[in-house]
Each structure stands twice: as structure tokens, then as C-alpha cells.
Amino acid sequence: MKTVAVLGSTGSIGRSALDVLSRHTGEFTVVGLSAGSNAGLLKQQADRFNVKLLALEKKGTDLFSDAKNKSVPFSEKINLSPFSVMWGGDGATELIKASKPDFVINGISGAAGFLPSLEAIRQGAVLALANKESLVIGGAFITEEAALTGARIVPVDSEHSAIFQCLAGEDRNEISRIILTASGGPFRTRPKETFSSVTREEALNHPTWSMGKRITIDSATMMNKGLEIIEAHWLFGVPLPLIEVVVHPQSIIHSMVEFHDMSIKAQMGIPDMRIPIAYALSWPGRMNLPLKPLEMKDMGKLEFFDPDEEKFPALKLARSAMEDPKVLPCIMNAADEKAVEGFLKGRIRFDQIIDITTKVMDKLAGSRVDSPADLLELDTKSRYIAETLLS
Ligand SMILES: NC(=O)c1ccc[n+]([C@@H]2O[C@H](COP(=O)([O-])OP(=O)(O)OC[C@H]3O[C@@H](n4cnc5c(N)ncnc54)[C@H](OP(=O)(O)O)[C@@H]3O)[C@@H](O)[C@H]2O)c1
Numbered sequence: 002m003k004t005v006a007v008l009g010s011t012g013s014i015g016r017s018a019l020d021v022l023s024r025h026t027g028e029f030t031v032v033g034l035s036a037g038s039n040a041g042l043l044k045q046q047a048d049r050f051n052v053k054l055l056a057l058e059k060k061g062t063d064l065f066s067d068a069k070n071k072s073v074p075f076s077e078k079i080n081l082s083p084f085s086v087m088w089g090g091d092g093a094t095e096l097i098k099a100s101k102p103d104f105v106i107n108g109i110s111g112a113a114g115f116l117p118s119l120e121a122i123r124q125g126a127v128l129a130l131a132n133k134e135s136l137v138i139g140g141a142f143i144t145e146e147a148a149l150t151g152a153r154i155v156p157v158d159s160e161h162s163a164i165f166q167c168l169a170g171e172d173r174n175e176i177s178r179i180i181l182t183a184s185g186g187p188f189r190t191r192p193k194e195t196f197s198s199v200t201r202e203e204a205l206n207h208p209t210w211s212m213g214k215r216i217t218i219d220s221a222t223m224m225n226k227g228l229e230i231i232e233a234h235w236l237f238g239v240p241l242p243l244i245e246v247v248v249h250p251q252s253i254i255h256s257m258v259e260f261h262d263m264s265i266k267a268q269m270g271i272p273d274m275r276i277p278i279a280y281a282l283s284w285p286g287r288m289n290l291p292l293k294p295l296e297m298k299d300m301g302k303l304e305f306f307d308p309d310e311e312k313f314p315a316l317k318l319a320r321s322a323m324e325d326p327k328v329l330p331c332i333m334n335a336a337d338e339k340a341v342e343g344f345l346k347g348r349i350r351f352d353q354i355i356d357i358t359t360k361v362m363d364k365l366a367g368s369r370v371d372s373p374a375d376l377l378e379l380d381t382k383s384r385y386i387a388e389t390l391l392s
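If you read the sequence shown in this note's numbering, its first letter stands for residue 2, the second for the next number, and so on.
So, in C-alpha cells, the structure goes:
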């Protein structure tokens, strides 16, 4: 029996992960769950999976009322029979320390997922990684630590899971290209001149995937693909110029790898995150997952286009961020998180998201990062500057 902690269990990835785990209760036990503020769903999940160790980023809720009126320092553990709840910004990290799971599924959104990923690796757990921000901002620290502890990182992001699957049995020195597919988002064919009038609802209406808000808006600006280029670099050790993006609106081929002999391997399937989550848990084998099969005859045509980098400048921005890989991706991610939040709250227009992100990167370029603590300080600084630009 393998033990699993699901971080971000109340989100889109977290709920899909629990669905997969609920079908394999004889092989996996859930030993920890974490959320940001959704205590109601977290408690339901804890009851359903009989989990005692929980973490919540936001302190105090009616559902854990014993602790509500106590002044609880961040990440102090409180025993609320029958639960132990770890509160605060490092609650998820403390949860990993307390539950010592074999697997950590990291489905937290944003930079908040970085320290829990680092802790999972320090403990030598298998890190099933959906939180791409962990690698985008801290790829150097995470890969260094993984080399020391021998911990395995198995990607959950569908494109990176596809690449990981294409690389099974292959020599990584024989890769000639990684071809990341992108759906192109909801504005693939919309003229750039109209981006200033994009509404929140239009941007949240992703054509093929149902996901959390931040990644959905990032898909609309294509920042998500920019983050994924960086993620692929750290996961597979492939230089940036060999990582290409191709727009594939049907989201059936999840990515491809070309080898020195010009063979290309592609991984395909229905767009359902339960598939890469299951693979991360069962690797190097596969688990039974009876979902709706992909019928080739119903598929119609598969299309591929070059991305329009003038219309979607986030792709170039992400590549340029890797000129200072410990510094600029962290600033870019933090600023983008704040700008996306600002757009969702109606504080800025859609076309200002990447402008603000670029300005914050320009302001803080040349900063120095020598440790994870420096990284978090830079993340805070970037958010502060982004906030001043938002207002
Ligand atoms: N969804 C997808 O299909 C998909 C695909 C590929 C990769 N990913 C990646 O997976 C990650 C999660 O995406 P998602 O779509 O599942 O996001 P989501 O639906 O917004 O869920 C995010 C989860 O993280 C929790 N959370 C948010 N802020 C937190 C904080 N500061 N501290 C601790 N927990 C926090 C949320 O708790 P509350 O519910 O309490 O707010 C929720 O459980 C992202 O990095 C995304 O890029 C997602």
C-alpha cells in the first residue's frame, strides 16, 4: 500500500487526483490533504478518504471552529479531534513533514507550490508535479535537490507527461527536438486589435480543457505555454532552442519528441487530466482507468499551426526570462499571477496582463538569487511592484 498526500486537493487537479485514487483504494491510501481556503470541501474530502492530517493556507474557518478564536501562529499544528490541521503559508510543507508520504501530488496553483515541492524532494518522495511554477521559478534548486536525494519527479502537466511517456526506453542524448503542443486558447483566431475588449467570461472559456482560473487565463495569453517551455527545460534537460511550440487546436496529441534519426513519437488521448495523474502514480506501469475511449473515426482532422508570437508575446518573454534562469522566471511568474488576478477582478484589461508582467521584469532585472529564501523575497517584491502597476 502506497501513501499519498494530495496538495491543492480542492482544485481541478486535486479533485481529478482524488477521483483516480478512489478507483484504486487497494493500492493507495491518502494520508494528507491541503487547500487554500475551501475548508468545506477539504473537510468533505477528509471524511470521504478518512484522512486526519490537513493543511489550510487561510486561518480559521467555521468548520474547524475549535481553532477559530485561538491566535494560531502560522503553521502551528492544532489537534481538532479527529483532525490535525496545519495552518498558514507553510501548512502544506508541514503536512508533508508530518505525513511522510511515498507520493506527493502537487496541485497547488502558483508560486505557493514551490516550497512543498522542495520539501517532497528533500524527503525523497515521488513528486507527481502539476504545479509547473515549482520548476519555472525554482528549477535550479529543485533539480539540484533531486540529484542529491535521488527523488523522482514525474510530470502531471499533460504535455510533459506526454514527453515523459515518449522518452520511455529512449536515450535522452538522442533527442533532436521537443514539440510542445498548445491548444491556442480561446483567442487563437481572434484579431489582436480586439484584445482590449476581451471579457473575463470570454477569457475563462477554454475550448478544450476545464481548469483553474489562473491557468485558464494563462492559456488565453499563451503565458501557460511560455511557462511550459521552461518546465520542459528543467524536467528533461533539453536546451531551450530545441523546445518548439506548435498550435494543435484539437488537444488530442499532447506533445511529441523527435530523435536524431528523425523519428517522431507522439502521445495522444482524450483531454482528461486523470490520465497523466494516473501515469504519474503507476509509472513505469499503467493503471486501469476506464474512461471514454478516443475513437479515431470520430476524431476528424488534426491541425497544426505555428504560434503567432506577435499576437502572443508571452512565448518570447518566457524564452527571454531564461537568460537569467534563477531570477527572471520568478519575477515573470509572480507578476503574471498578480496581473491575472487583477484582470479577473476587473482592475486591468486583458491586453495589459503581459505589458505589466514585462514592466515588472524590466524593473527587477539584475536581482540576485542564491537560495530559495532569496527566491521567495524576489517573488514578494515582484508582486508588490505589480500591485503598484495595477493601481
Ligand atoms: N487544471 C488542469 O487541468 C491543469 C493542467 C496542467 C497543469 N496544471 C497546474 O496544476 C496547478 C493547479 O491548477 P488547477 O487548475 O488545479 O488550479 P485550481 O483549480 O485553482 O486549484 C488550486 C488549488 O490550490 C489551492 N491553493 C490556491 N492558492 C493556495 C495557496 N496560496 N496555498 C495553498 N494552497 C493554495 C486551492 O485551494 P482553494 O480551493 O481552497 O482555493 C486549490 O486546492 C497549477 O500549477 C496549474 O498550472 C493544471
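We put the beta carbon where it would ideally sit given N, CA and C, even for glycine.
Query	Result
Assuming Ala112 contacts Glu146 (C-beta within less than 8 Å), just tell me the rounded distance between them.	That belief does not hold up - the Cβ atoms of Ala112 and Glu146 are roughly 17 Å apart, past 8 Å.
Ile349 and Lys364 look like a contact to me (Cβ under 8 Å); what is the Cβ gap, rounded to whole Å?	17 Å between Cβ atoms; not a contact.
Have a look at Thr389 and Lys382 and give me their C-alpha separation to the nearest angstrom.	11 Å
In chain order, which beta strand (DSSP E) runs of at least 3 residues are fully inside the stretch 112 to 156?	127 to 130, 154 to 156
Specify whether the stretch 23 to 35 and the stretch 43 to 56 touch according to this definition: at least 3 beta carbon pairs, one from each stretch, less than 8 Å apart.	yes
Classify Lys339: buried if its beta carbon has 16 or more other beta carbons within 10 angstroms, exposed otherwise.	buried
CA-CA distance, Asp325 and Phe313?	21 Å
Tell me whether Val32 counts as near ligand 1, meaning its Cβ is closer than 8 Å to at least one heavy atom of that ligand.	no
What residue does the beta strand (DSSP E) around Ile244 start on, and which one ends it?	244 to 248
Could you check which residue in Met333, Ala279, Phe351, Leu376 has the C-alpha nearest to that of Ile14?	Ala279
Using CA coordinates, which residue listed in Arg123, Ile176, Glu203, Lys193 is at the minimum distance from Leu345?	Glu203
Classify Thr195 as buried or exposed, calling it buried when 16 or more other Cβ atoms lie within 10 Å of its own Cβ.	exposed
First and last residue of the beta strand (DSSP E) that includes Asn107?	104 to 107
CB-CB under 6 Å to Asn132, same chain, minus the five flanking residues each way: which ones, in chain order?	Asn107, Ile109, Gly114
Name the one or two DSSP bridge partners that Val361 has.	DSSP lists no partner for Val361.
Please confirm whether Thr30 and Lys53 have their CB atoms less than 9 Å apart.	no
Could you check where the beta strand (DSSP E) with Glu259 kicks off and where it finishes?	254 to 260
Looking at the structure shown, is Ala163 part of a helix, part of a strand, or coil, going by DSSP?	helix
Apart from the five residues just before and just after Leu391, which ones in its own chain have a Cβ nearer than 8 Å to its Cβ?	Lys339, Ala340, Gly343, Arg348, Ile349, Ile357
Let me make sure I understand the geometry here. Which of Phe260, Leu316, Met362, Met300 has the alpha-carbon closest to that of Ile231?	Leu316
What residue does the alpha helix (DSSP H) around Ile349 start on, and which one ends it?	No alpha helix (DSSP H) contains Ile349, which DSSP labels as neither H nor E.
Mapping the DSSP letters down to three states, classify Gly33 as helix, strand or coil.	strand
Are there any heavy atoms of ligand 1 lying less than 8 Å away from the beta-carbon of Met212, as far as the coordinates show?	yes
Assign Lys71 to one of three DSSP states: helix, strand, or coil.	Note that Lys71 scores a pLDDT of 42, beneath 50, so its modelled location is shaky and nothing firm can be said.
Kindly give me the distance between the Cβ atoms of Ala6 and Gly33, rounded to whole angstroms, as I take these residues to be in contact under 8 Å.	4 Å
In the structure shown, what three-state DSSP assignment does Trp88 receive?	strand
How many Å lie between Arg275 and Met300 at the Cα?	20 Å
Taking the beta carbon of Ile265 as the centre, do at least 16 other beta carbons fall within 10 Å, making it buried, or is it exposed?	exposed
Which value, in whole angstroms, describes the spacing of the CA atoms of Ser220 and Thr200?	15 Å
Please go through the same chain and pick out, in chain order, the residues whose beta-carbon is closer than 6 Å to the beta-carbon of Met224, but skip the five residues on each side of it.	Ala315, Asp337
At the level of alpha carbons, what is the spacing between His234 and Phe84?	40 Å
Met212 to Glu175, Cα distance in whole Å?	34 Å
Using alpha carbons as the reference points, say which of Ser35, Arg16, Asp371, Ile354 lies closest to Ser197.	Ile354
Are there 16 or more other CB atoms within 10 angstroms of the CB of Glu399, so buried, or fewer, so exposed?	Outside the shown range of the chain (2 to 392) lies residue 399, about which nothing can therefore be said.
By Cβ distance, which residues of its chain are closer than 7 Å to Gly187, with the 5 residues on each side in sequence left out?	The question names Gly, yet the displayed sequence has Pro at residue 187. Only Glu203, Ala204, Asn206, His207, Pro208, Ala221 meet the Cβ criterion.
Could you pull out every residue in the same chain whose Cβ sits closer than 7 Å to the Cβ of Thr144, ignoring the five residues on either side in sequence?	Trp235
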